[in-house]
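One gets the working numbering by counting positions in the sequence shown from 1 and adding 40 to each.
All residues carry an ideal CB built from backbone N, CA and C; glycine is no exception.
Keep in mind the model is a prediction, meaning the values are calculated, not measured.
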Amino acid sequence: MGNLLFVLLIITALFFIFLAVKQMFSEPIKKKFCVICSAVTITWIGLFILNRLGFFSDLVLLALLMGQTILGVFYIVESKVEERFKLFRLPFLLSEVLIAYFIINSSYNFTFEILFIMILWFFFWLIYLYRTKTGFNKLVNSIVDCCKKW
């Protein structure tokens, strides 16, 4: 059996297991518990452990699953922050990508990538601080509106 089929079967099995387990919780917890997110995240964590133990080597598949979790975390955070902080979507998302890449490839020298992310955060904070000034307001609005739901 190939890695992809194996992973698809694991995610499917976990989906139905977590779906059954979810029914045992109270309504507020049910609303906050995403079965798909949990199945995908538990799968890649397991695969990551297997990778470190030398039993799983498909880093592309591992990265795809991590990317799904990255986007899930991004959307959760986006739904909870005030509108004015949505300006920071890009640096937040790219920070998540950097963290995931570090998890997969911790031996890589991240000096320039970390420096870039820090500079990016700095520039976005400057834009945030000047968001009410003429000229910056239009830029801030266009950044925040870039990802409005269609």
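Subject >> Gly112 to Val137 span [Cα, whole Å] >> reply: 12 Å
Original post:
Unbroken alpha helix (DSSP H) runs of length 4 or more, entirely within the stretch 66-145: which are they?
Top reply: 67-72, 75-92, 99-120, 129-144
**OP:** May I ask you to report which of helix, strand or coil DSSP gives Met64?
**Re:** coil
**OP:** Can you say whether Thr83 is buried or exposed, counting buried as having 16 or more other CB atoms within 10 angstroms of its CB?
**Re:** buried
**OP:** Give the range of the alpha helix (DSSP H) segment to which Thr151 is assigned.
**Re:** 151-169
**OP:** Go to Ser147, then tell me how far its alpha helix (DSSP H) extends in each direction, as first and last residue.
**Re:** First-last for Ser147: undefined, no H or E at that position.
Subject >> Buried versus exposed, by CB contacts within 10 Å (16 or more), Ser78 >> reply: buried
**OP:** Select from Val47, Leu54, Phe65 the residue whose C-alpha is nearest the C-alpha of Ile76.
**Re:** Leu54
Subject >> Euclidean distance between Cα positions of Ala60 and Leu48 >> reply: 19 Å
Subject >> Residue environment, Leu105, which counts as buried when at least 16 other CB atoms sit within 10 Å >> reply: buried
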